[in-house]
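Student: Numbering (our numbering), first residue to last: 3 to 384.
Each residue gets a CB set at the ideal place from its N, CA and C atoms; glycine is no exception.
Just so you know, these numbers come straight off a predicted model, no measurement behind them.
The structure that follows is given in the form of structure tokens.
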Ligand SMILES: *Cc1c(COP(=O)(O)O)cnc(C)c1O
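The following block contains the structure:
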């Protein structure tokens, strides 16, 4: 551990590996499964998680930027790495150096990559790219009317080759909405195939699609065009099903822990924390935790959330401050300084999940996990 301040996140190798295998089995033998490890593997630690996934056979990884790709490359020299957010000016040379496969959807992307590919002496069709189509997310991806212009560029003898056509569903849990997006995607794929291009993969679908087996639509489409489906799964790897999708006994990979710093009794009528938002209505025993919003422990948990102490729930009292939080342990008589506390995780048969925190704070498990600050050491455990 790189810090003596007692707050850390334990990342379970075994649970991550098990979730990956579970998803692998669910996806079936056809689809390529791409493990999304962007944003420091959703806060779990990119390099360590990539090692575990690679050991289970993962070959494709999704990252956000060249920096993440470089970090991954150090531990997985042979991996295929997809940049999910395109690429920014100044990144193309490093993208090539890191053998990064960028998602592309603008002429600017093609310009940047072709120039860099020429500088690197890359031959015709030797640089794979994943062409993204906007099928309704309206975030990134080429719109249908932009396709001819892009295809004119990609169909020539330049260095770039469309290895995959990809899109992203905005409401994967809603079959009707996904179906509308599939229709637009189909039109795009048709145009691409008509232009004489033969993408190896059709890539669509996130955790929700693997869990809901809506990935079937992508699989059917891929089959029709002689391509392989690629499904990109993120959150489920870390043990959470996106809201509303089936739970297939995934196991949360991350446990967030701290220890009680000190304890005090306050009399009835005494307040606690900034703004005096908590007022004791009885003699109350408070435990101080070295976890605050600077650690990613949401201030929205003030007077709302709870943590686990000795397997029992200790309510958060007063405002969560930058580096500290107080919890009520009046009912937990044995609570003592040094006790291990679960902010996320299991203790004595009870558990608190990132999903539960998300519900308490009007957020989603994704954000709760990604918010855990870099100053919280990640520790790999079995
Ligand atoms: C983040 C991301 C995913 C993974 O989504 P999950 O819901 O975490 O499975 C898939 N595809 C793209 C393009 C993404 O940006």
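Could you tell me the alpha carbon to alpha carbon distance between residue 220 and residue 189, rounded to whole angstroms?
Tutor: Going from the Cα of residue 220 to the Cα of residue 189 covers about 13 Å.
Student: Between which residues of its own chain and residue 103 is the CB-CB distance below 8 Å, once the five residues before and five after are set aside?
Tutor: If we look at residue 103 and ignore the five residues flanking it on each side, its Cβ neighbours are 82, 83, 84, 85, 130, 131, 132 and 165.
Student: Buried or exposed: which applies to residue 279, given that a residue is buried once 16 or more other Cβ atoms fall within 10 Å of its Cβ?
Tutor: Answer is exposed; the Cβ neighbour count stays below 16.
Student: Cα-Cα, which of 186, 298 and 217 is closest to residue 373?
Tutor: Closest by alpha carbon: 298.
Student: Apply the 10 Å Cβ neighbour rule to residue 293 and answer buried if 16 or more other Cβ atoms are within range, or exposed otherwise.
Tutor: Per the 10 Å Cβ criterion, buried.
Student: Taking the C-alpha atoms as reference points, what is the distance between residue 140 and residue 180?
Tutor: In a straight line, the C-alpha of residue 140 is about 14 Å away from that of residue 180.
Student: I think residue 264 touches residue 290, with their Cβ atoms under 8 Å apart; what is that distance to the nearest whole Å?
Tutor: Their Cβ separation, rounded to whole angstroms, is 5 Å, which keeps residue 264 and residue 290 in contact under 8 Å.
Student: Is any heavy atom in ligand 1 found nearer than 8 Å to the beta carbon of residue 356?
Tutor: Residue 356: no, Cβ never under 8 Å from ligand 1.
Student: So, does the region 324-342 touch the region 360-370, judging by three or more C-beta pairs under 8 Å?
Tutor: No, the region 324-342 does not touch the region 360-370.
Student: What whole-angstrom Cβ distance do residue 186 and residue 217 have, given they're in contact under 8 Å?
Tutor: That belief does not hold up - the Cβ atoms of residue 186 and residue 217 are roughly 18 Å apart, past 8 Å.
Student: Rounded to whole angstroms, what is the Cα-Cα separation between residue 105 and residue 286?
Tutor: Residue 105 and residue 286: Cα-Cα distance of roughly 56 Å.
Student: Among 208, 167 and 178, whose alpha-carbon lies nearest the alpha-carbon of residue 193?
Tutor: It is 167 whose Cα lies nearest to the Cα of residue 193.
Student: Pull the bridge partners of residue 132 from the DSSP assignment, please.
Tutor: Paired residue(s): 105 and 166.
Student: By DSSP, does residue 179 sit in helix, in strand, or in coil?
Tutor: Residue 179: helix per DSSP, three-state reduction.
Student: Within the region 299-329, note down every full beta strand (DSSP E) run reaching 3 residues or more, in order along the chain.
Tutor: For the region 299-329, whole beta strand (DSSP E) runs of length 3 or above, ordered along the chain, are 308-311 and 314-319.
Student: Quick one, which of 108, 59, 27 and 64 has its alpha-carbon nearest residue 40's?
Tutor: Of 108, 59, 27 and 64, the residue nearest in Cα terms is 64.
Student: Assign residue 113 to buried or exposed, taking buried as 16 or more other Cβ atoms, counted over all protein chains shown, within 10 Å of its Cβ.
Tutor: Exposed.
Student: List in chain order: all unbroken alpha helix (DSSP H) runs of 4+ residues lying wholly within the region 45-97.
Tutor: For the region 45-97, whole alpha helix (DSSP H) runs of length 4 or above, ordered along the chain, are 48-57 and 68-77.
Student: If I'm right that residue 253 touches residue 241 with Cβ under 8 Å, what's the distance once you round it to whole angstroms?
Tutor: With 8 Å as the limit, residue 253 and residue 241 qualify as a contact, their Cβ atoms being about 5 Å apart.
Student: Does ligand 1 have a heavy atom nearer than 8 Å to the CB of residue 238?
Tutor: Residue 238 Cβ: within cutoff of ligand 1.
Student: In whole angstroms, what separates the C-alpha of residue 115 from that of residue 80?
Tutor: Residue 115 and residue 80: Cα-Cα distance of roughly 21 Å.
Student: So, is residue 23 buried or exposed, given that buried needs 16 or more other C-beta atoms within 10 angstroms?
Tutor: Exposed, by the Cβ-count rule.
Student: Could you pull the DSSP bridge partners for residue 256 from this structure?
Tutor: Residue 256 is bridged to 13.
Student: Looking only at its own chain, which residues have a Cβ that is under 8 Å from the Cβ of residue 199, when we skip the five neighbours before and after it?
Tutor: So the qualifying residues of the chain are 153, 156, 157 and 164.
Student: With a cut-off of 8 Å, do at least 3 Cβ pairs link the region 298-316 to the region 337-347?
Tutor: These segments touch.
Student: For residue 72, which residues in the same chain have their Cβ closer than 8 Å to its Cβ, ignoring the five residues on either side in sequence?
Tutor: These residues qualify, in order along the chain: 96 and 100.
Student: So, is residue 117 buried or exposed, given that buried needs 16 or more other C-beta atoms within 10 angstroms?
Tutor: Result: exposed.
Student: Give the straight-line distance between the Cα atoms of residue 251 and residue 234, rounded to the nearest whole angstrom.
Tutor: Near 19 Å, if we compare the C-alpha coordinates of residue 234 and residue 251.
Student: Please indicate yes or no: does the CB of residue 172 lie closer than 8 Å to some heavy atom of ligand 1?
Tutor: No, the Cβ of residue 172 stays beyond 8 Å of every heavy atom of ligand 1.
Student: Give the straight-line distance between the Cα atoms of residue 353 and residue 258, rounded to the nearest whole angstrom.
Tutor: For residue 353 and residue 258, the distance between alpha carbons rounds to 11 Å.
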